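Okay, structure first, notes after.
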Amino acid sequence: MPFSDEALARMAPDAKEIIARYPRERSALLPLLHLVQSEEGFVSTDGIAFCADQLGITTAEVTAVATFYTMYKRRPGGDYHVGVCTNTLCAVMGGDEIFATLKDHLGVGNGGTTDDGKVSLEHVECNAACDFAPVVMVNWEFFDDQTPESATALVDDLRLGNDVKPTRGPESLCTWKQASRVLAGFSDGRGGEGVQASGPSLAGLELARERGWSAPDPNDLPAKPAPEKPAPEKGDAK
Amino acid sequence: MTTLTPVLSKNWDRSDSFTLDAYRETGGYGPLHTALGMAPDALVDLVKGSGLRGRGGAGFPTGMKWGFLPKDNPNPRYLVVNADESEPGTCKDIPLMLANPHALVEGVAIASYAIKANQAFIYVRGEVLHVIRRMQHAVAEAYAAGLLGRDILGSGYDLDVVVHAGAGAYICGEETALLDSLEGYRGQPRLKPPFPAVAGLYASPTVVNNVESIASVPSIVENGADWFTAMGTEKSAGFGFFSLSGHVAKPGQYEAPLGITLRELLDMAGGIRAGHRLKFWTPGGSSTPIFTDEHLDTPLDFESVGAAGSMLGTRALQIFDETTCVVKAVGRWISFYAHESCGKCTPCREGNYWMVQVLDRLENGEGTEADIEKLLDICDNLLGRSFCALGDGAASPVMSSIQYFRQEYVDHMEQRGCPFDHAKSTLWGGNR
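Quick look at the structure:
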């Protein structure tokens, strides 16, 4: 369905702003695709035409890019995209069980959406949170240290419209479309929400504090056996 | 005994560590002030002298990379930060940007000034929404405080920084694929040479550095090269994050001098989970050949890990105990490489596609001895023959797992199935 005049009136200034960020227009293509996804929830042929128009390139050129990147969806999905990491580390730690449980519980396969249009389910690749394995992402927010039970409760809450809070993220989840707008580079003002770090992120620091370990004092460096360099004059050989 | 050396993580236990105020209270942006009073070339020399090597996996000397920008090229210069952290097992840049984004922003400002760039990009993988918010937030704070933008701190130096979200492609962690992606194309690697230093973003001189490398720069400016080299080994200087994950009692981020061993790190992390023992581990992500308990005392620096047959990579230590099936683990990694192969070169595109099928067959107990040879043959055609390091990386887990655990592949054939009970390897199944 082509974009309405209202939608176009909303999107055109955003597109201009995105393009203005870059020394060359074409660099705006990835954020523009996130922008059209924030409008429709996926990248439609109309979305592709919109991007092509903004940049003065062909729809074939835009399609080639849109189909290369997995975050651009080619079909409508749910308000909440649930991604279960099944790369090796998370899979070993229980990601496979979580994914199997959710498929069964929601009655959908990989890439499927529940009938109420709330939840889409897919397995995802490593999301750089291995020390919090097994990890589930919802609209690209972290839900760390999951179990089949916690993940089941999570998707139930999403379908019931209950408040859901990422473990390392903002105070509440935004929708898929809202998330896509942030990815297009438009701040939602929520960068200050949520924890700075938790659990495993602090494991080393907490141990160092406990044991009094720190980086060397730059004004009191230990002597270093360096063959080709003379050792510093003052040395505190610990 | 090696001890931990928190530098980038030293303020992470402050609940407001990601704010400009908190960062400044702990000395932040002092180094930027110092740097802007120095000649750019002196900063390049300082970083060269520190011995800082790229923290994104390859370990190329950062200062040398900066020094490669041609002096006579009239095009604008660019700094591009590779924040596309996607190598399986690697999970250091994400917590760093969440907790301490200003260390990266300050590093970007110093590095850009050093290489005489007036435009920088931070290319963050798209699948980490809150990290992108944090970076947007930190960059906005820095602009508002005059730490980015026009005439930074009254120095006359201008710098614009754009936080750019990727869209889900592992290959964009390869620096030239990242540049193509940032230019608005499919993220496929470019032929090198020319290297980005000569023809990078928009065919202009460009430095591409990892998040942790750039975030380490302010501490070097503040404390000096001798301070940095007081940590680590002679050729692998300084500190870095060691990210422990998997079957370990206390997984997490351990910031330590390069050259620390897994034995020391496991001691700090409470050891392998109770009642189990180490079977295999990756020193630096899935693209680095696996190690076993033979390598507990291998110093985790570039040279020692290389000499022992693997690579330091991103110091992503994925730890697996004896409940883990190595064939399944490797098969899952290869499914990943097959999915993420950009399709540009045949060895990687076809080789991974074939290896997925062979490994599936082996895991299901339907393989033969010939399949093991077939895997090694495919790896022989991948390693060193693919267009970029993605293909080389895919060969690593396959070849090393056959080297150390060939019998386990054979066991799958003889037992006509996987001899492991996968439920035992899960987070909740360890005590069964």
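Same order as they appear, the protein sequences are chains L and R.
When you number the first sequence by my numbering, it's gap-free, plus one each residue, and the end is 1648.
When you number the second sequence by my numbering, it's gap-free, plus one each residue, and the end is 443.
All C-beta atoms in this analysis are idealised placements derived from N, C-alpha and C, irrespective of residue type, glycine included.
These numbers were taken from a predicted model, which means no experiment stands behind them.
CB contact check: residue i to chain L, cutoff 7 Å
i	result
Met-279(R)	yes
Phe-302(R)	no
Pro-430(R)	no
Thr-437(R)	yes
Arg-326(R)	no
His-148(R)	yes
Asp-95(R)	no
Cys-359(R)	no
Ala-120(R)	no
Gly-282(R)	no
Arg-443(R)	At Arg-443(R) the pLDDT is 41, less than 50, meaning the model places this residue with poor confidence; the figure from the coordinates comes in the next sentence. No, no contact with chain L.
Top-ranked residue by Cα proximity to residue i, from the options
i	options	result
Glu-1449(L)	Leu-1512(L), Gly-1571(L), Pro-1486(L), Thr-1477(L)	Pro-1486(L)
Ile-271(R)	Leu-307(R), Gln-147(R), Gly-78(R)	Leu-307(R)
Tyr-124(R)	Arg-201(R), Ala-149(R), His-44(R), Gly-198(R)	His-44(R)
Thr-309(R)	Ser-297(R), Ser-298(R), Leu-323(R)	Leu-323(R)
Met-424(R)	Cys-353(R), Thr-240(R), Val-338(R)	Val-338(R)
Arg-145(R)	Met-1547(L), Phe-1596(L), Asn-1520(L), Ile-1429(L)	Phe-1596(L)
Arg-288(R)	Pro-268(R), Ala-260(R), Glu-266(R)	Ala-260(R)
Pro-87(R)	Asp-171(R), Gly-39(R), Asn-111(R), Pro-112(R)	Asp-171(R)
His-433(R)	Ala-1417(L), Gly-1622(L), Val-1502(L)	Val-1502(L)
Asp-83(R)	Thr-16(R), Tyr-168(R), His-258(R), Ser-215(R)	Ser-215(R)
Phe-416(R)	Ile-345(R), Ile-301(R), Glu-361(R)	Ile-301(R)
Thr-1524(L)	Met-1547(L), Asp-1554(L), Leu-1568(L)	Leu-1568(L)
Gly-1599(L)	Ala-1476(L), Ala-1425(L), Tyr-1482(L), Gln-1588(L)	Gln-1588(L)
Asn-129(R)	Gly-376(R), Tyr-168(R), Trp-238(R), Gly-65(R)	Tyr-168(R)
Gly-263(R)	Ala-280(R), Asp-104(R), Val-174(R), Ala-208(R)	Ala-280(R)
Classification of residue i by the beta-carbon crowding that lies within 10 angstroms, buried from 16 upward
i	result
Asp-1541(L)	buried
Asp-95(R)	buried
Thr-379(R)	exposed
Ser-247(R)	buried
Ser-1560(L)	exposed
Leu-1439(L)	buried
Lys-1648(L)	With a pLDDT of only 35 at Lys-1648(L), under 50, the local geometry of the prediction cannot be trusted, and no value is derived from it.
Asp-304(R)	exposed
Glu-351(R)	buried
Ala-1430(L)	exposed
Leu-1443(L)	buried
Met-1481(L)	buried
Leu-438(R)	buried
Residue-chain proximity (residue i, chain R), Cβ-Cβ < 7 Å
i	result
Asp-1526(L)	no
Trp-1586(L)	no
Val-1446(L)	no
Gly-1466(L)	no
Phe-1553(L)	no
Tyr-1490(L)	no
Leu-1564(L)	no
Met-1421(L)	no
Val-1472(L)	no
Asn-1497(L)	yes
Pro-1626(L)	yes
Gly-1579(L)	yes
Asn-1520(L)	no
Close-in-space but distant-in-sequence residues of the same chain around residue i (CB under 8 Å, 5 per side omitted)
i	result
Asn-93(R)	Gly-67, Tyr-134, Gly-184, Glu-186, Leu-189, Val-219, Asn-220, Asn-221, Val-222
Leu-107(R)	Leu-19, Ser-20, Ala-114, Leu-115, Val-222, Glu-223, Ala-226, Phe-252
Leu-159(R)	Val-116, Ala-120, Val-150, Ala-153, Leu-170, Asp-171, Val-172
Thr-1585(L)	Asp-1489, Tyr-1490, Asn-1549
Cys-1532(L)	At residue 1532(L) the sequence reads Glu, which differs from the Cys that was named. Result list for Glu-1532(L): His-1491, Val-1492, Gly-1493, Val-1494, Asn-1520, Gly-1521, in chain order.
Ala-1417(L)	Glu-1449
Asp-1415(L)	none
Other residues of its chain near residue i: CB distance less than 6 Å, five sequence neighbours each side excluded
i	result
Arg-1(R)	Residue 1(R) falls outside the range modelled here, since chain R spans only 12 to 443, and no answer is possible.
Lys-355(R)	Gln-199, Phe-398
Contacting residues, own chain, Cβ-Cβ under 7 Å from residue i (five flanking each side not counted)
i	result
Gly-295(R)	Gly-68, Met-322, Leu-323, Gly-324, Thr-325, Arg-326, Ala-327
Glu-1551(L)	Pro-1576, Gly-1579, Leu-1583
Min CB distance residue i to chain A below 7 Å
i	result
Thr-1480(L)	The structure shown contains no chain A; its protein chains are L and R.
Near the ligand HEM: residue i beta-carbon under 6 Å from a heavy atom
i	result
Thr-1523(L)	No copy of the ligand HEM occurs in the structure displayed, which carries no ligand at all.
Residues in the stretch 334-351 of chain R having any Cβ partner in chain L nearer than 9 Å: Thr-334, Thr-335, Cys-336, Lys-339, Ala-340, Val-341, Gly-342, Arg-343, Trp-344, Ser-346, Phe-347, His-350, Glu-351
Against chain R: residues of the stretch 1588-1600 of chain L by CB proximity under 8 Å: Ala-1589, Val-1592, Leu-1593, Ala-1594, Gly-1595, Ser-1597, Asp-1598, Arg-1600
Residues from the stretch 133-147 of chain R in contact with chain L, defined by Cβ distance under 7 Å: If the cut-off is 7 Å between Cβ atoms, the stretch 133-147 of chain R has Gly-137, Glu-138, Val-139, Leu-140, His-141, Ile-143, Arg-144, Arg-145, Gln-147 near chain L.
Against chain L: residues of the stretch 251-277 of chain R by CB proximity under 7 Å: Cβ contacts with chain L: Ser-254, Leu-255, Ser-256, Gly-257, Lys-261, Pro-262, Gly-263, Gln-264, Tyr-265, Glu-266.
Members of the stretch 184-208 of chain R that neighbour chain L once the beta carbon cut-off is set at 8 Å: Ser-192, Leu-193, Glu-194, Gly-195, Tyr-196, Arg-197, Gly-198
Interfacial residues, the stretch 1608-1621 of chain L to chain R, with Cβ spacing under 8 Å: Gly-1609, Pro-1610, Ser-1611, Leu-1612, Ala-1613, Gly-1614, Leu-1615, Glu-1616, Leu-1617, Ala-1618, Arg-1619, Arg-1621
Near-chain L residues of the stretch 162-175 of chain R - C-beta to any C-beta below 8 Å: Val-173, Val-174, His-175
Chain L contacts from the stretch 33-58 of chain R (Cβ-Cβ distance under 7 Å): none
Selection of the stretch 1421-1440 of chain L by Cβ proximity to chain R, strictly under 9 Å: Arg-1431, Tyr-1432, Pro-1433, Arg-1434, Glu-1435, Arg-1436, Ser-1437, Ala-1438, Leu-1439, Leu-1440
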